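Asker: I am attaching a structure below and will ask some questions about it afterwards.
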Amino acid sequence: MRLSRTTALLAGVSTLLALPAAMAAERVQVVTSFSILADMIENVGGEHVEVTALVGPDSDAHVYSPRPTDARTLAEADLVVFNGLQFEGWIERLIDASDFAGPRVVATEGIEARLADLADDDHDEAHDHDHDAQASHQDDHDGHDHGAIDPHAWQDLGMGELYVGNILAGLIEADPDNSGAYEARAARYLEEVAALDSELHELLDEIPAGTSVITGHDSFGHFARAYGLQFLSPQGLSTETEPSAANMARLIDVIREENVRALFHENMTSPAMIDQLAEETGLSVAGTLYADALASDGEASTWLGMMRHNAHTLHDALAEPGHDEGQHDDDDHAGDDHGHDDHDHDH
Ligand SMILES: [Zn+2]
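Here the sequence shown is numbered in the working numbering, starting from 35 and rising by one per residue.
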């Protein structure tokens with residue numbers, strides 16, 4: 035993945051150098067809200083696009099304050115892509131305040147239908163469409179929340195079709211002459227996404243069912259539904275509100291009562307709350323998960339790379355060595371109680 039993206043970027047650079055300036059300027063100018071979408075757009079658009087992310091790596095798009103230059107950046111865009119579902123509530127106001135009049139893509143468009151399909155196969159997880167994203171739901175640790183749809187759908191690679199399909203439609207609308215190239219790149223990219231999705235399912239199946247972990251905010255609901263872990267957090271779906279002392283106290287009770295195995299920092303939020311929970315519960319902080327932003331370099335600097343990093347970080351901390359090794363079936367791991375050699379919480 036790193037290699038193919040680097041190759042694509044290099045191909046883009048050499049094409050650019052070989053072209054007269056006027057043609058280079060014809061690359062589609064895409065502005066997006068945050069780094070994870072920027073990587074997806076670069077993968078689908080290749081050398082035909084130039085992508086600007088308003089919120090960069092390791093930064094929190096929930097609480098971003100647009101700068102005056104952002105409106106000018108938008109005014110020069112051919113296409114704007116954002117996540118939607120109130121993930122980055124500031125962007126629609128920013129677009130409306132700018133002179134941008136081109137197509138805008140909501141990358142999660144269609145998610146309600148997708149979640150309804152998943153709920154048909156699985157248990158009921160479709161949520162009412164309601165934008166009250168403030169509610170924290172510490173008491174609700176079976177993974178369901180009530181009200182807002184979790185906007186962090188990129189955390190499930192199975193949602194790749196949704197994201198890539200919406201981005202593809204936007205690029206074709208903005209630049210129909212290159213639609214064949216976009217379609218071919220999107221198809222190849224989706225093959226990579228699907229292959230990694232299978233790989234992660236296999237890896238994360240080695241973590242015993244019912245394992246719970248704590249992260250800074252509720253970025254991992256889609257990951258949890260897809261890959262079978264439980265995530266709890268002191269904050270809700272957004273980072274806009276600080277957790278109350280009562281929330282923190284309740285979470286500490288839950289950590290003590292339930293099979294919570296580890297705490298994880300997030301790359302784009304302050305580690306302070308997690309460090310406080312570690313101190314008060316004696317649980318260890320087992321690594322950093324990439325939640326709402328890419329890393330600026332290294333493995334987690336692409337969407338697929340950050341997903342792989344997160345899965346391996348969780349696996350290293352939580353998998354039962356030797357369990358089901360070499361085979362891959364749907365056995366329920368709950369109740370298994372054989373040896374870990376790296377962790378020894380409560381077993
Ligand atoms: Zn978030």
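All C-beta atoms in this analysis are idealised placements derived from N, C-alpha and C, irrespective of residue type, glycine included.
A quick note: this is a predicted structure, and the numbers were derived from the prediction, not measured.
Distance, Cα to Cα, Leu285 vs Ser267?
Answerer: By 1-based counting over the sequence shown, the position of residue 285 is 251. By 1-based counting over the sequence shown, the position of residue 267 is 233. Their backbone Cα atoms lie some 8 Å apart in a straight line.
Asker: Under 7 Å: does the beta carbon of Thr142 sit that close to some heavy atom of ligand 1?
Answerer: Position 108 of the sequence shown, counted from the start, is the residue given in the question as residue 142. It does not: the Cβ of Thr142 is nowhere closer than 7 Å to a heavy atom of ligand 1.
Asker: Can you tell me whether Ser253 sits near ligand 1, meaning its C-beta is under 7 Å from at least one heavy atom of the ligand?
Answerer: By one-based count along the sequence shown, residue 253 stands at place 219. Yes.
Asker: Ala258: beta carbon under 7 Å from a heavy atom of ligand 1?
Answerer: Start at 1 with the first residue of the sequence shown, and residue 258 comes out as number 224. For ligand 1, not one heavy atom lies less than 7 Å from the Cβ of Ala258.
Asker: Beta carbon of Asp326: closer than 7 Å to some heavy atom of ligand 1?
Answerer: One-based indexing of the sequence shown puts residue 326 at position 292. With a threshold of 7 Å, the Cβ atom of Asp326 counts as near ligand 1, since some heavy atom of the ligand is closer than that.
Asker: Is the CB-CB distance between Thr142 and Ala187 below 8 Å?
Answerer: The residue you call residue 142 lines up with position 108 of the sequence shown. The residue you call residue 187 lines up with position 153 of the sequence shown. If you check the CB distance, Thr142 and Ala187 come in under 8 Å.
Asker: Run through DSSP, which three-state label would Leu113 get?
Answerer: Within the sequence shown, residue 113 is the residue found at index 79, counting from 1. Residue state, collapsed to three classes: strand.
Asker: Which residue from Glu207, Glu314, Gly192 puts its Cα closest to that of Leu152?
Answerer: Residue 152 sits at position 118 when you count from the first residue of the sequence shown. Ranking the options by Cα distance to Leu152, first place goes to Gly192.
Asker: Determine the extent of the beta strand (DSSP E) in which Val198 is found, giving its start and end residues.
Answerer: Here the question's residue 198 lines up with position 164 in the sequence shown. First-last for Val198: 194–208, but that is the alpha helix (DSSP H), not the beta strand (DSSP E).
Asker: Can you list, in chain order, the residues of its chain whose CB lies under 6 Å from that of Glu217, leaving out five sequence neighbours each side?
Answerer: For the purposes of this step, residue 217 is identified with residue 183 of the sequence shown, where counting begins at 1. No residues qualify anywhere along the chain.
Asker: Look up Glu81 in the DSSP assignment and say whether it is helix, strand or coil.
Answerer: One-based indexing of the sequence shown puts residue 81 at position 47. It is helical.
Asker: Can you find a heavy atom of ligand 1 that lies under 7 Å from the Cβ of Thr273?
Answerer: Taking the sequence shown and counting its residues from 1, one reaches residue 273 at position 239. Yes; taking the cut-off as 7 Å, the Cβ of Thr273 has a heavy atom of ligand 1 nearer than that.
Asker: Quick check on the burial criterion: 16 or more other C-beta atoms within 10 angstroms. Buried or exposed for Arg127?
Answerer: Taking the sequence shown and counting its residues from 1, one reaches residue 127 at position 93. Exposed, because fewer than 16 other Cβ atoms sit within 10 Å of the Cβ of Arg127.
Asker: Over what stretch of residues does the alpha helix (DSSP H) that includes Ala306 continue unbroken?
Answerer: Taking the sequence shown and counting its residues from 1, the one referred to as residue 306 is at position 272. Note, Ala306: alpha helix (DSSP H), 306–315.
Asker: Look at the alpha carbon of Ala131 and the alpha carbon of Thr303, and state the distance between them as a whole number of angstroms.
Answerer: Numbered from 1 along the sequence shown, position 97 holds the residue referred to as residue 131. Numbered from 1 along the sequence shown, position 269 holds the residue referred to as residue 303. When only Cα atoms are considered, Ala131 and Thr303 end up about 28 Å apart.
Asker: Measuring CB atoms only, is the stretch 244–260 touching the stretch 188–208, in the sense that at least three cross pairs come out at less than 8 Å?
Answerer: yes
Asker: Quick one: using the 10 Å Cβ neighbour count with 16 as the cut-off for buried, is Gly194 buried or exposed?
Answerer: Within the sequence shown, residue 194 is the residue found at index 160, counting from 1. Looking at its Cβ environment, which holds 16 or more other Cβ atoms inside 10 Å, Gly194 is buried.
Asker: Tell whether a beta-carbon distance below 8 Å holds between His346 and Ile241.
Answerer: The sequence position of residue 346 within the sequence shown is 312, counting from 1. The sequence position of residue 241 within the sequence shown is 207, counting from 1. In this structure, His346 keeps its C-beta atom at 8 Å or more from the C-beta atom of Ile241.
Asker: Kindly indicate the opening and closing residues of the beta strand (DSSP E) around Thr66.
Answerer: Counted from its first residue, the sequence shown places residue 66 at position 32. Start and end: 62–68.
Asker: Quick one: residues in its chain with C-beta nearer than 7 Å to the C-beta of Ala109, no 5 flanking neighbours on either side, listed in chain order?
Answerer: The residue labelled residue 109 in the question sits at position 75 within the sequence shown. Correct list, in chain order: Ser132, Asp133, Phe134.
Asker: Would you say Ala283 and Ala351 are within 8 Å of each other, going by their C-beta atoms?
Answerer: Position 249 of the sequence shown, counted from the start, is the residue given in the question as residue 283. Position 317 of the sequence shown, counted from the start, is the residue given in the question as residue 351. No; because the gap between Cβ atoms is not below 8 Å, this pair is not in contact.
Asker: With three or more C-beta pairs closer than 8 Å as the rule, is the stretch 64–71 touching the stretch 325–336?
Answerer: yes
Asker: Can you give me the Cβ contacts of Thr322 inside the same chain, cut-off strictly under 8 Å, excluding the 5 residues immediately before and after it?
Answerer: Walking along the sequence shown from the start, residue 322 turns up at place 288. Answer for Thr322: Phe298, His299, Glu300, Asn301, Thr347, listed in chain order.
Asker: Would you please state the rounded distance, in angstroms, between the beta carbons of Asp287 and Gln269? I believe it to be under 8 Å.
Answerer: Taking the sequence shown and counting its residues from 1, one reaches residue 287 at position 253. Taking the sequence shown and counting its residues from 1, one reaches residue 269 at position 235. Not really, about 17 Å apart at Cβ, beyond 8 Å.
Asker: Does the distance from the CB of Ala208 to the CB of Pro277 come in under 8 Å?
Answerer: Along the sequence shown, read from residue 1 onward, the residue named residue 208 stands at position 174. Along the sequence shown, read from residue 1 onward, the residue named residue 277 stands at position 243. Result no, Cβ atoms of Ala208 and Pro277 do not sit closer than 8 Å.
Asker: Assign Gln354 to buried or exposed, taking buried as 16 or more other Cβ atoms, counted over all protein chains shown, within 10 Å of its Cβ.
Answerer: Position 320 of the sequence shown, counted from the start, is the residue given in the question as residue 354. Note that residue 354 is Glu in the sequence shown here, rather than Gln. Flag for Glu354 reads buried.
Asker: So, with DSSP's three-state summary, where would you put Phe257?
Answerer: Locating residue 257 in the sequence shown gives position 223, where the first residue counts as 1. Phe257 falls in the helix class under three-state DSSP.
Asker: Using alpha carbons as the reference points, say which of Gly339, Asn117, Asp154, Ala105 lies closest to Ala229.
Answerer: Start at 1 with the first residue of the sequence shown, and residue 229 comes out as number 195. Looking at the Cα atoms, Gly339 is the closest of the given residues.
Asker: For Val288, which of helix, strand or coil comes out of DSSP?
Answerer: Reading the sequence shown from its first residue, position 254 is the one you call residue 288. In this structure, Val288 counts as helix in the three-state DSSP scheme.
Asker: Nearest CA to the CA of Glu274: which residue from Ser99, Ala220, Ser318?
Answerer: The count along the sequence shown starts at 1 and reaches residue 274 at position 240. If we check each option's Cα against that of Glu274, Ser99 comes out closest.
Asker: For Asp358, which three-state DSSP category applies?
Answerer: For the purposes of this step, residue 358 is taken as the residue at position 324 of the sequence shown. With a pLDDT of 49 at Asp358, under the threshold of 50, the modelled position of this residue cannot be trusted; read the value that follows with caution. DSSP places Asp358 in coil when its eight states are reduced to three.
Asker: Rounded to whole angstroms, what is the Cα-Cα separation between Leu234 and Asp331?
Answerer: For the purposes of this step, residue 234 is taken as residue 200 along the sequence shown, with counting starting at 1. For the purposes of this step, residue 331 is taken as residue 297 along the sequence shown, with counting starting at 1. Straight-line Cα distance between these residues: approximately 22 Å.
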